[in-house]
Amino acid sequence: MAKDPKNNNQGDLLEDIKDELKEPEMWRVVLLNDDYTPRDFVVEILVSIFHKQPIEATKIMLDVHKKGRGMVGIYPYDIGRTKVAQVTQLAREREYPLKSILEKA
Numbered sequence: 001m002a003k004d005p006k007n008n009n010q011g012d013l014l015e016d017i018k019d020e021l022k023e024p025e026m027w028r029v030v031l032l033n034d035d036y037t038p039r040d041f042v043v044e045i046l047v048s049i050f051h052k053q054p055i056e057a058t059k060i061m062l063d064v065h066k067k068g069r070g071m072v073g074i075y076p077y078d079i080g081r082t083k084v085a086q087v088t089q090l091a092r093e094r095e096y097p098l099k100s101i102l103e104k105a
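First residue of the sequence shown? That's 1 in the working numbering, and the numbers climb one at a time after it.
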């Protein structure tokens, strides 16, 4: 088979390029305890922003209160960052110092 001068690769094997999809890195959202934010507000945050059932939200709130921090969930970075921003915004609107952070899972 003669090579076409316009296409120097004719007849050569081309490697299949496989697009590998990587799972996104996951991040933990953690609530931090403070001495001023009411427990009921923490439960409200967990139910409204993180869609936790009230019983689970109460358990997480007690972890935050007793251990100083409580893991809320594991999310891709963008979702976790959004939830942290929502917590901060709602806490500031109510004038509470509640903080949440992201940690690599």
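Note that the Cβ used here is the ideal one computed from N, Cα and C, for glycine as well.
The structure displayed is predicted, hence computed values, not measured ones.
Go through its chain and collect everything with a Cβ distance to A57's Cβ below 6 Å, but skip five positions before and after it. Residues V43, L46, V47 of the same chain have their beta carbon placed closer than 6 Å to that of A57, with the five preceding and five following residues left out of the count.
Below 7 Å between beta carbons: does that hold for L31 and V72? In this structure, V72 lies closer than 7 Å to L31 by Cβ.
Does the region 22-39 come within contact of the region 71-89, defined as at least 3 CB pairs closer than 8 Å? Judged by Cβ distances under 8 Å, the region 22-39 makes contact with the region 71-89, as three or more pairs qualify.
With DSSP as the reference, please indicate the residues paired to R69 in a beta bridge. Under DSSP, R69 forms a beta bridge with L32.
Taking the C-alpha atoms as reference points, what is the distance between A91 and I101? If you take the alpha carbons of A91 and I101, they lie about 14 Å apart.
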